[in-house]
DNA sequence: GACTCTTGTGTGAACGGTCACATCAGCGCA
DNA sequence: TGCGCTGATGTGACCGTTCACACAAGAGTC
C-alpha cells in the first residue's frame, strides 16, 4: 500500500551506530543512556522521521495510551462540550481518543457493547447524562478501566470513578431566584432522568419548593430537544393555565417553552418567567434572552479524563476543578405578580 | 494489569484440535476450510470468548479497520452532525473511529498534524468546512488515505476524494425566495470562508442578485456563533439602515441577526426578513421561527465514509446519496414592502 | 498405476517493538 | 592485585497474528 517503508527502530539504530535496544531506551526516556549517545540517537530519529509503531508497542506489552468515549448524540450541547474537554485533555496527555456513539433511544446490550471496545481492557469514558449512557455504564465489563460523567452522584454507593456537576444545588438556586422574584410557586419542565429515580435538576427544584413551604406541582417530563420541550410545554400550560414561572431541564426545552408561551399568548417575562439550564451559546440571543444556569461541561470532561489517567497511572498529575454552576440572570425571568399563583 | 489472560488464537486451536493457522482461516473467512472444521473452530471461539488482538493483527500486516476524524469544534451543528453520520456508517462497517479536534482559531502546522495520526498511513476524514480544517487537509502527508467534507468544490482541480453539499445553489434559492417576496435587494451576513476565496454561500447569494440584475451590497462577515452574528449584524444594520432582507451564513448567525434587529427596533419579518442556513433543531422554535435551508450533514458524513471505504477497498459497497438542500419557509421571511430597498 | 490437480491443513518466518538478562568497561577500596 | 559495584550497552526471546510455502490425501485423467 505505502510505497516507502516506514523506518523502524533498527534503521535508527544502524544510522546512530548503536543497538536497537539503546534506541528503545532513548524513546522511553530511560536514564541509563550516555548523553552523547542519546543525542546521536535523537539526531538519527529526526533525520529518518522515525515514529514508534503503535501496534508493535502494544503487542510487546507496553501500555498504550488510548481511550474510547462512549456517548449518545454528539450534537447535544452537554455531550459535545464534554467531549471537547475530554479530547483536549487527552490529546495534551498524549492519548488517542476514539469515539463510539450510542443510540439515545435504544438500550445497548452487553454483547454489542463488548464489541465496541477497540481491544479488551481499553480504557473508557462514558458520558452518562442520559439513560442510554447510564445503562451502558452498568453493562461494561468489570475489567475495563472506566470513568463516567453522570447525571447524579450515586447516593448510597458513591463510586469514586464518577464525576458530576452539582445540578441539584444549581436547580435549587434557580428556583430560589424565581421564588425570590415573588412567584407563588415554580413549575418544572423536566429532563428525562438517567436512572429510575427523579432527575437531579428536578430534585433541586423540589428542594427549593420544600424549603419555601410551597406545594410542588407535578413536573411535566420532556425530552432533550426544543421539539420535545415544545410539546411538553403545551401540556404544562394546558394543565396549569395559571403558571407564572417555569424551570426547564435545559436550554433547548426552555426554547420550546418560550415558543409554547408565545403561542398561548403568555408574555415572557411579564406573565410567565422561564429559566433554562446549561447556558448554551444561543441562550443569550433568544427572544427574550434566557435566564439560565451556566454549567462547566468542558471542565467536567477534563476532570473525567484526569481521573481515568490517574486510574491507569497513579502518578499522573491532578486536575484543576471545574467551575461552579452559576445562575445567569437575563431577560426571561421577572417579578411574579401578586395575582394568582 | 488484567487478572485473566485473554485467549489467543492458539488457545482456540488447542480447544478445537486444529492448528492456529486454521483458526486464522476461519476468522478471516477463508474458503479452504472444511465445513465441519469451521464449525468446531467457531464453537471454540464462542466458548472461550475469543476476540482477535488488534495490535497483533495490524503488526502482521493485515489492514486494520480504523479511521481518524479531524474536525474543529464538535459543538457546532454541522460538525457534530457530520461526525454522527461518519461514526454511524463507520461502526456499521466495522471501523473504529478516533477523533482529533482542531483549534478553530489556530492554523495547524504539518509537524503537529503528523503527530496526531494514530499511526503512519492511518485513514482520515477531515471535516473542512472552516479554514482550520481546510488548512489541515492541505498539510496532511500525501501517503495518507483521506476524504474530506469541504465547503466548496475545488473549481479548477476537482478532487474525487472531496464531498460537499450544494451550498451555492441553496443560497441562490434562498436569495430568490427573498427577491420573490418583493425585496429590492438582499443583504448578506456571511460565514468566514474556508479558503482565500469567497464562501460558497456568499457566491450563491451573488448569483441570485446578478441573475435578478440587482447590485450586490457588500457582505458583512461574521464568525460561526450567535455572538459573532450579533456583532456583525449590528454593523450591517448600522451601515444599511434601509435593509429589508438578510441572508445569513448559518442559523446561529441568523439568531444573532434576529436579536440585533430587535434591539434596533426592526420587526421581523414585517420590516426585515431574515433567512438562515442549516436548519438546526432550534430554528423552528425561535421567535420568529426561522426560514432556513435544511442541509443533510449526516448524509454527507456517511458519504465521506463510503468514499474512504472504497478508497481502501474498491469492492466496498456504494452509498446512497445525501438529501438535496431544501428551503424551509417559516416565519422570519415575509413580503418586502414597495418602500425603500 | 503413475500423473496431475484440487482441497484441506500444518510449519516457519516475519511484523516492530519491549522485557529480562548478559556483558563489558571503569571505578573505588581492601 | 583482585574484588564487587555501577553505569552503559548488547543479545535473545517473546507478544499474537498473518503470510508464503510445504505437505498429505483424495479425485480425475491418460
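Protein chains in written order, with my numbering: chain A, 1 to 341; chain B, 1001 to 1341.
Ideal placement from N, C-alpha and C gives every residue a C-beta, glycine not left out.
Remember, it's a predicted structure, so these values are computed and weren't measured experimentally.
Asked                                                                                                                                                                                         : Found
Closest Cβ-Cβ distance between residue 1002(B) and chain A: below 8 Å?                                                                                                                        : Interpretation of residue 1002(B) is limited by its pLDDT of 37, a score under 50 that renders its predicted location unreliable; the figure taken from the coordinates is listed afterwards. True, the Cβ-Cβ gap to chain A drops below 8 Å.
Where does residue 279(A) land, buried or exposed, given buried means 16+ other C-beta within 10 angstroms?                                                                                   : buried
If you draw a straight line from the alpha carbon of residue 148(A) to that of residue 68(A), how long is it in whole angstroms?                                                              : 12 Å
Assign residue 1198(B) to one of three DSSP states: helix, strand, or coil.                                                                                                                   : coil
CB residue 98(A) to CB residue 1098(B), shorter than 8 Å?                                                                                                                                     : yes
Do we get a CB-CB distance below 8 Å when we pair residue 27(A) with the residues of chain B?                                                                                                 : no
What is the rounded straight-line gap between the Cα of residue 38(A) and the Cα of residue 26(A)?                                                                                            : 6 Å
Rounding to the nearest angstrom, what Cα-Cα distance links residue 390(A) and residue 145(A) in this structure?                                                                              : With chain A covering 1 to 341 only, the question about residue 390(A) has no answer from this structure.
Between residue 191(A) and residue 224(A), how many whole angstroms is the CB-CB distance? I'm expecting something under 8 Å.                                                                 : 7 Å
For residue 1116(B), count the other beta carbons within 10 Å of its own beta carbon; 16 or more makes it buried, fewer makes it exposed. Which is it?                                        : buried
Mapping DSSP to helix, strand and coil, what is residue 43(A)?                                                                                                                                : helix
Strictly under 8 Å for the Cβ-Cβ distance: is residue 250(A) near chain B by that measure?                                                                                                    : no
Count the other CB atoms, across all protein chains shown, that sit within 10 Å of the CB of residue 1250(B); report buried if there are 16 or more and exposed otherwise.                    : buried
Flag residue 1313(B) as yes if its beta-carbon sits less than 8 Å from any beta-carbon of chain A, otherwise no.                                                                              : no
Relative to the C-alpha of residue 120(A), which candidate in 1277(B), 1323(B), 1051(B) has its C-alpha closest?                                                                              : 1051(B)
I believe residue 1128(B) touches residue 74(A) by the beta-carbon criterion, under 8 Å. Please report the beta-carbon distance rounded to the nearest angstrom.                              : Not confirmed; about 18 Å, so no contact.
With H, G and I counted as helix, E and B as strand and the rest as coil, what does DSSP make of residue 1187(B)?                                                                             : strand
Straight-line CA distance for residue 1210(B) to residue 1336(B)?                                                                                                                             : 19 Å
Is any beta-carbon of chain A found at less than 8 Å from that of residue 1263(B)?                                                                                                            : no
Please work out which residues of its chain come closer than 7 Å, Cβ to Cβ, to residue 1(A), disregarding the five sequence neighbours upstream and downstream, and give them in chain order. : Confidence at residue 1(A) is low in this model, with a pLDDT of 37, below 50, so the placement of that residue is unreliable and no value is reported for it.
Go ahead and pull the three-state DSSP assignment for residue 1105(B).                                                                                                                        : coil
Quick check on residue 1074(B) - is its C-beta less than 8 Å from some C-beta in chain A?                                                                                                     : yes
Would you say residue 230(A) faces chain B, with C-beta separation under 8 Å as the test?                                                                                                     : yes
Using a C-beta to C-beta distance shorter than 9 Å, which residues of chain B count as neighbours of residue 100(A)?                                                                          : 1087, 1091, 1096, 1097
Apart from the five residues just before and just after residue 275(A), which ones in its own chain have a Cβ nearer than 6 Å to its Cβ?                                                      : 174, 247, 291, 333
For residue 47(A), would you say it is in contact with chain B, using Cβ-to-Cβ distances shorter than 8 Å as the test?                                                                        : no
Against residue 53(A), what residues of chain B qualify as contacts under a CB-to-CB distance less than 9 Å, listed in chain order?                                                           : 1058, 1059, 1119, 1120
Can you tell me where the alpha helix (DSSP H) with residue 263(A) in it begins and where it stops?                                                                                           : 251–263
Any chance you could list the alpha helix (DSSP H) runs of at least 4 consecutive residues sitting entirely within the stretch 1115–1183 of chain B, in chain order?                          : 1131–1139, 1167–1180
Measure the beta-carbon distance from residue 1136(B) to residue 1070(B) and round it to whole angstroms, keeping in mind my assumption that it falls under 8 Å.                              : 6 Å
Rounded to a whole number of angstroms, what is the C-alpha to C-alpha distance between residue 1297(B) and residue 1076(B)?                                                                  : 12 Å
Could you work out which residues of chain B lie near residue 285(A), taking near to mean beta carbons separated by less than 7 Å?                                                            : 1226, 1230, 1255, 1256, 1259
State the DSSP-derived secondary structure class of residue 1207(B), mapped to helix, strand or coil.                                                                                         : helix
Answer with yes or no whether the minimum CB distance from residue 111(A) to chain B is below 8 Å.                                                                                            : no
Would the beta-carbon of residue 259(A) fall within 8 Å of that of residue 230(A)?                                                                                                            : yes
Name, in chain order, the residues that DSSP records as bridge partners for residue 1024(B).                                                                                                  : DSSP lists no partner for residue 1024(B).
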